[in-house]
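So the sequence lines, in the order shown, correspond to chains H, E, L, A and B. Its first residue numbered 4, the first sequence is counted upward by one per residue in the numbering used here. Its first residue numbered 147, the second sequence is counted upward by one per residue in the numbering used here. Its first residue numbered 147, the third sequence is counted upward by one per residue in the numbering used here. Its first residue numbered 115, the fourth sequence is counted upward by one per residue in the numbering used here. Its first residue numbered 115, the fifth sequence is counted upward by one per residue in the numbering used here. Below you'll find the structure, written out as structure tokens, and then a few comments.
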Amino acid sequence: GCSPITPPGQGTGDVPALTPVTLGVGFIPNVQFAPFYVGIDQGFFAAEGLAINLDYGFENDYLKLVGTNQLQFMVGSGDQVVLGRAQGLPVRYIMAWYTRYPVVIFAKKDAGIVQPADLAGKRIGIPGPFGASYVALRGILEAAGLEEQDVHLESIGFTQAAAVSEGLVDAAVDYGVNGPVILAQAGIETTQIALDDYLQIPSNGLISNDQTLEQHPELARRLVRATLRSIQYTLEHPDEAFEIALKFVPEAGGENRAANRAVFDAVLAYWQRRPGTQPGATRLEDWQAAVAFMQRIGLVDSPVPAEELFTNEFVVE
Amino acid sequence: MNSSSNERAVEWPPPSSGVGQPLLVVDGVGKSFTEGPTPIRALQTVSLQVQPGEIVCLLGPSGSGKSTLLRIVGGLIRPDRGRVWFDGQPVQEPHPSMGFIFQSTNLMPWRTVLDNVLLPVEVQKGRVEARDREQAQELLALVGLDGFSHLYPRQLSGGMAQRVVLARTLLHGARLLLMDEPFGALDALTRERMNLELLRIHRLQAKTILMVTHSIAEAVFLADRVLVMSERPGRIVAQLPVDLPRPRTIDMMAGEAFGRLTLQVRRYIGEVGELD
Amino acid sequence: MNSSSNERAVEWPPPSSGVGQPLLVVDGVGKSFTEGPTPIRALQTVSLQVQPGEIVCLLGPSGSGKSTLLRIVGGLIRPDRGRVWFDGQPVQEPHPSMGFIFQSTNLMPWRTVLDNVLLPVEVQKGRVEARDREQAQELLALVGLDGFSHLYPRQLSGGMAQRVVLARTLLHGARLLLMDEPFGALDALTRERMNLELLRIHRLQAKTILMVTHSIAEAVFLADRVLVMSERPGRIVAQLPVDLPRPRTIDMMAGEAFGRLTLQVRRYIGEVGELD
Amino acid sequence: MTFEAKVKTQTDRPRGEGTSAPGHSAGWLLQHLEYLLVPVVLGLGLFVWDRLVVWQGYPPFILPAPAVVFRKFLLTLQDGTLVRHGLVTLLEVLLGLALGLSLAFVLGYWLGKHRGAERLLSPYIVASQSVPIVAIAPLLVIWFGSGLLSKVLVCGLITFFPTLVSTMVGIRNVDRDLYDLMRSLRASRWQIFRLLELPAALPIIFGGLKLSVILAVVGAVVGEFSGADVGLGFLINLARGVLDTPLMFVAVIALILLAQLLYLGVSLLESYCLRWQRAA
Amino acid sequence: MTFEAKVKTQTDRPRGEGTSAPGHSAGWLLQHLEYLLVPVVLGLGLFVWDRLVVWQGYPPFILPAPAVVFRKFLLTLQDGTLVRHGLVTLLEVLLGLALGLSLAFVLGYWLGKHRGAERLLSPYIVASQSVPIVAIAPLLVIWFGSGLLSKVLVCGLITFFPTLVSTMVGIRNVDRDLYDLMRSLRASRWQIFRLLELPAALPIIFGGLKLSVILAVVGAVVGEFSGADVGLGFLINLARGVLDTPLMFVAVIALILLAQLLYLGVSLLESYCLRWQRAA
Ligand SMILES: Nc1ncnc2c1ncn2[C@@H]1O[C@H](COP(=O)(O)OP(=O)(O)OP(=O)(O)O)[C@@H](O)[C@H]1O
Ligand SMILES: Nc1ncnc2c1ncn2[C@@H]1O[C@H](COP(=O)(O)OP(=O)(O)OP(=O)(O)O)[C@@H](O)[C@H]1O
Ligand SMILES: [Mg+2]
Ligand SMILES: [Mg+2]
């Protein structure tokens, strides 16, 4: 039931050798998935013999599908892998895409919230005490030595921008390219506290499962290679990449072009290669830190061997 | 048949013919039903008066507008023209002193027999006292339904249901009873008993009664005056004062006067029938 | 009152008393209703036979089980004991050759008068032809409802609705008609007309009729045999063969034989009334 | 004052006629008021919406002004976006209704006839209705894929119950005297259903249908929310993603219009089928 | 063969009694079967579930075995988690019902009496029912905060419609003859309502109530999904977030039980109020 997104103007019928690969991506069609659109459009995936289907749905559901090998690959964040492994899901992180954890706490500029300690006693909006938002919140609070009860948490669903702009909360937890950009578009200046400045947790990347990696390592290698190339191309040609993304998400163009370009520009920062690191690779100490942190905040109750969570073997040439 | 002759017919009874002040005056009432595709003219022009304490029986062919007339008198539907006066007041809506027996037995299926009988009390007093309950039981015994008070209407036979309605109306305590074939589903014997009971109550409580019936014998037996209606559109084509003495007894039915009166009504009705 | 005397009473009519082969045999039928808190004994033990072409009228006090008996004969409810035979076959469920007129006028409110009359045809043939429609219109004219065929039941008077039911049953084409007070809501004149029509149809189409009525005169005028039922629990306490010649005419009602028979039935009923 | 005098004085002003006439004209007025009021109320609503935006100073990502939404509406109507997504949602709704209603009729009829069966099955039916769809969406996706089928199933599931219950209640409400009549005519089960039970239960069934068609729209949206790449529900999600609040409102309005259309359809069918209720 | 002979032969086997008896005992059987079948069907369901897990080899995060879920159930019951979240959801449901039903009765009664009013208002009511909650969540949060109130409102909104429609249909279904009776007794509007309309419409209203109580549970969950930190819907979200599928199942089962309880309550009330239907 997944409809393949094929590059415009390029038929798939004349390249019979392509291996179909369904990739589960969380969220919805968006310029934030530009690298994949670029890869499809520029034929980077086809060059590796892959025909990519992008399937849109919930990250949670995909993790289960990948864990049971009903799906081979997905895009998801590192903490999900920790959770999955803790539950016995044989999922494994094979390539980092985001180099920074994308969740931030943002507030209106005049609220004067610029560092974790400023959050004490404040009303903080959060979709709910679970998921990536919760991880980020606890990480940031921890950086200032704060506990959950030192702030007033309010579960406001996905209404962060509205809640902050109307002053219902002092600050809210959201993706850095979401709420803050919305407010910026509306001419409201914000300050942001990024988790990544205090704690490095492996963020969005490609996730697969042990069975696939064992039986089809070549497939994973090709996918990783094509994806890395796509990311690289996107970073190097942002304007072109944005135009390509608009071909896939036409709704982001037209009147919404400016807003989406702002999102796109903001998200590029999260993909920039960190100096001194191999693109796509993750560090063992980051995984260990992530596991330890998640244990501290009670998201996992058993120690998970950090080595099982990831592999860099497909990114290392 | 021209309309002026009809107009003449309805002039009876003359407005001042009453013995005293009439309890009920129906003055040139007419009614058509216009909801359907073709309007149905139910009542032409009807005028009549009923004195306090009088029993008037209304006879007439099926569909001649008897029920419609009773509904208008009771204030349930508005006439197209003409007016109804009760006790010197124009009738615009149901009056608390009128009790109604409808042609179809309308018991509430979710109430027991006893509760159905008690309905008027509940509506009028707002609550039911032990005394009312007793009285209702007495009335039920009177209509021969002792021991059935806890059944639901569906468990009754047609005649039994009709008698429950009678008991309900009698509990009501109205001064004017408007009865639309109240004894239609009863066998001859039960019907006679009910007739006698009605007369007894009429005598004791000075009730005024306007009643539709299809039984000529019943009309003559009960009434002070029998009115005969024409075919649709209905108007009153004849009246017959019944001069039998009161209190009336079953024996009278075998008498010569009774036979003569019955025959006379028969003839009126026959004439009506042959008119069209 | 002991039960053995009752048993004696129901032995009549003896199984072999029929002139030919009876069309309908009711054999020791009894029925109680047990759904309520207190069981109601409706029918004690009833046996009767009806010959083909015969008209049998059933008289009895209100609540004596006449409707119940008719329902059992029609196969609508099961008796507790005893059995019913129609045309030599045991009756377990409604038979296509029996037509039913229920005590309450059961017209479908969403069908026009014409469509209500056509219902039996629609059920039995699956579709309605132009010829059926014509026949229905003729029957409606017969019962005096010319021009009312496109009204809905709610727009009819009580007596008109009852006549629609009559037309519906006559269209049915049944051999045995089971009629529960079919003329109860009609005025005397219309009733007479309907009686005559029924007799005419009976003569022409050789119908057999078992009919409940509360009018003694009607029973004597129509019937070959009048059966009288006791108070509840019902049983047949008397039968009276009516030896008036056929075809019957209205004049006969004034005759001496008619008066004698009527009186006789009256006496039977009176006795029943005085029994308890 | 004698009675005669009273008659006289009151006859002078024809009150009987007078009170009867206003009744008629009031009814007339109400009937026409209705058509008059629809645009008035609608206009008032739009006005309040507009003022709300201005006075409360809501930024467009919270509540865009009606004019903005209207422009977007025309735009998406022109470029076919609205039609494409709308048609898919309509298809899901119609298939879901076909599935849910046919099941509901059959089962509702059966449960209406057998109270025992109702007591037996109702726990499971209630369970099927109270499980949050979002919670079983993963299972639906695993079992039926993320395409049309899973949305149709969600739609069917959600439309099923109201029509089931109303069919059940309607069948139980059929006049018993008429059952006797049909039985005495030896009507077959099918005839009893077609000629008696269906028309008798129809006024009540239509109530359930009205609920079902609206829930069908809700169901399609819920289904699309849990994974889809086309449809009005998807469009809402998409619009959120591309920060296009006016587009989101357009999708919502399209959904409302779809629901209105279905409701109107059922209402028209109802007033056609129940025209006998208006006579007399 | 003569008739007499036929009577004779057929009398020998008492068929009339024979066919009557099975009818009774079949009814008896069915009635008791029902109570017998409830645990049987439930057991069967659990068995199939268990086998499914074993045969398909589903890991616990896809479909946990019944035993695992049961253990989790006991655990959360003991540590108070279930009770705490369940009570909040129950509170939301009850308040939502109180709000939705009281509005629905009043408005439904009014619309039932005035067809013109129905035509006038139905577009807005339909609109209110077909707007996806997620789309207006920001507005709800801004206007009513993220606490209990917004959930109660969602609940009230969702329970409102079924009862509204069934009240409307029920009121229109009241026997007109009985209206005449009440009018002839000069019953007040309140008395007509209490003594006639309510009891007459009750069989139909109960159908709507059954829908409403179940939708109330769904509404509470939907409300909690769009922002909450307590309640069974929140618990589902939480469990999903930490991939604790057994906990999710426990929350879902608790919701089902809550719905069953409410449904059972309405059913009992119904069979008490409509006991007259069973007589005769
Ligand atoms: N609600 C209605 N709508 C349309 N026509 C009606 C309505 N009620 C009665 N009528 C018509 O008015 C006429 C008189 O009806 P009504 O019920 O008054 O007759 P009736 O004298 O009581 O007859 P019956 O003795 O048969 O009861 C009939 O022709 C009937 O069709
Ligand atoms: N469905 C039922 N449930 C319980 N009791 C019933 C039912 N139907 C009839 N009865 C009882 O059976 C007895 C006979 O009823 P039936 O209707 O046969 O009388 P009937 O002779 O037709 O009377 P009527 O002349 O008043 O119509 C009555 O006492 C009645 O209460
Ligand atoms: Mg009448
Ligand atoms: Mg009877």
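Each residue gets a CB set at the ideal place from its N, CA and C atoms; glycine is no exception.
- Within the chosen limit of 7 Å, ligand 4 does not reach the beta carbon of S376(E) with any heavy atom.
- For L361(A), the closest Cβ of chain H is nearer than 8 Å.
- Below the 8 Å Cβ cutoff, chain B contributes P276, L325 as neighbours of P276(A), in chain order.
- For G176(L), the secondary structure class from DSSP, reduced to helix, strand or coil, is strand.
- Taking every protein chain shown into account, the CB of E51(H) has 16 or more other CB atoms within 10 angstroms, so this residue is buried.
- Where P387(E) is concerned, the enclosing beta strand (DSSP E) starts and stops at 382-387.
- In the structure shown, T22(H) falls within a strand segment according to DSSP collapsed to helix, strand and coil.
- Separation of the CB atoms of G245(E) and T315(E) is rounded to 5 Å, and the pair is thereby assigned contact status at 8 Å.
- With fewer than 16 other CB atoms across the displayed protein chains lying within 10 angstroms of its CB, T395(L) is exposed.
- With a 10 Å radius around the Cβ and a threshold of 16 neighbouring Cβ atoms, Y386(B) comes out exposed.
- Not a single C-beta of chain H is nearer than 8 Å to the C-beta of F184(A).
- Under the Cβ distance rule, S385(A) does not count among the residues neighbouring chain L, no pair being separated by less than 8 Å.
- At a cut-off of 8 Å between C-beta atoms, F248(E) counts as an interface residue with respect to chain B.
- A Cβ-Cβ separation of about 5 Å places G333(B) in contact with V268(B) under the 8 Å criterion.
- Sequence-distant Cβ neighbours of A373(B) in its own chain, meaning closer than 6 Å and more than five residues away, are I328, V331.
- At a beta-carbon threshold of 7 Å, the residues of chain B lying near W256(E) are P313, W390, ordered along the chain.
- Taking all protein chains shown into account, D389(E) has fewer than 16 neighbouring C-beta atoms within 10 Å of its C-beta and is therefore exposed.
- One finds G131, S158, G160 in chain H with Cβ atoms closer than 9 Å to the Cβ of A342(B), taken in chain order.
- With distances taken between CA atoms, L295(B) lies nearest to R217(E) out of R217(E), V172(E), P207(E).
- Residues of chain L whose Cβ lies closer than 7 Å to the Cβ of R297(A) are, in chain order, L222, P240.
- Contact between the region 105-122 of chain H and the region 277-289 of chain H is absent: fewer than three C-beta pairs spanning the two stretches fall below 8 Å.
- A distance criterion of 7 Å places the beta-carbon of A314(A) beyond contact range of ligand 2, judged by its closest non-hydrogen atom.
- Between the beta-carbon of T354(L) and that of P198(L) there is about 6 Å, and that keeps the pair under the 8 Å contact cut.
- DSSP places G171(A) in the coil class of the three-state scheme, outside both helix and strand.
- Chain order gives the chain H residues near A251(B) as G160, F161, T162, where near means a beta carbon separation below 8 Å.
- Beta-carbon to beta-carbon, R321(E) and S243(E) are separated by about 4 Å, close enough to satisfy the 8 Å threshold.
- A contact is defined here as three or more CB-CB pairs under 8 Å, and the region 235-246 of chain B meets this definition with respect to the region 364-381 of chain A.
- Counting other Cβ atoms within 10 Å of its Cβ, H348(L) reaches 16 or more and is therefore classed as buried.
- In this structure, the beta-carbon distance from D343(B) to G134(H) does not fall below 8 Å.
- Distances from the alpha-carbon of G214(B) to those of L166(B), L160(B), P276(B) put P276(B) closest.
- Rounded to whole angstroms, the gap between the alpha carbons of S178(E) and R300(B) is 25 Å.
- In the DSSP assignment, Q235(L) forms a beta bridge with F232(L).
- Within its own chain, the residues whose Cβ lies closer than 6 Å to the Cβ of R337(E), once the five positions on either side in sequence are excluded, are F329, listed in chain order.
- One finds nothing in chain H with a Cβ atom closer than 9 Å to the Cβ of V268(A); even the nearest lies about 14 Å away.
- Annotation: P168(L) to F248(E) spans about 42 Å, alpha carbon to alpha carbon.
- Looking at M399(E), D333(E), R339(E), A331(E), the one whose alpha-carbon comes closest to that of A363(E) is M399(E).
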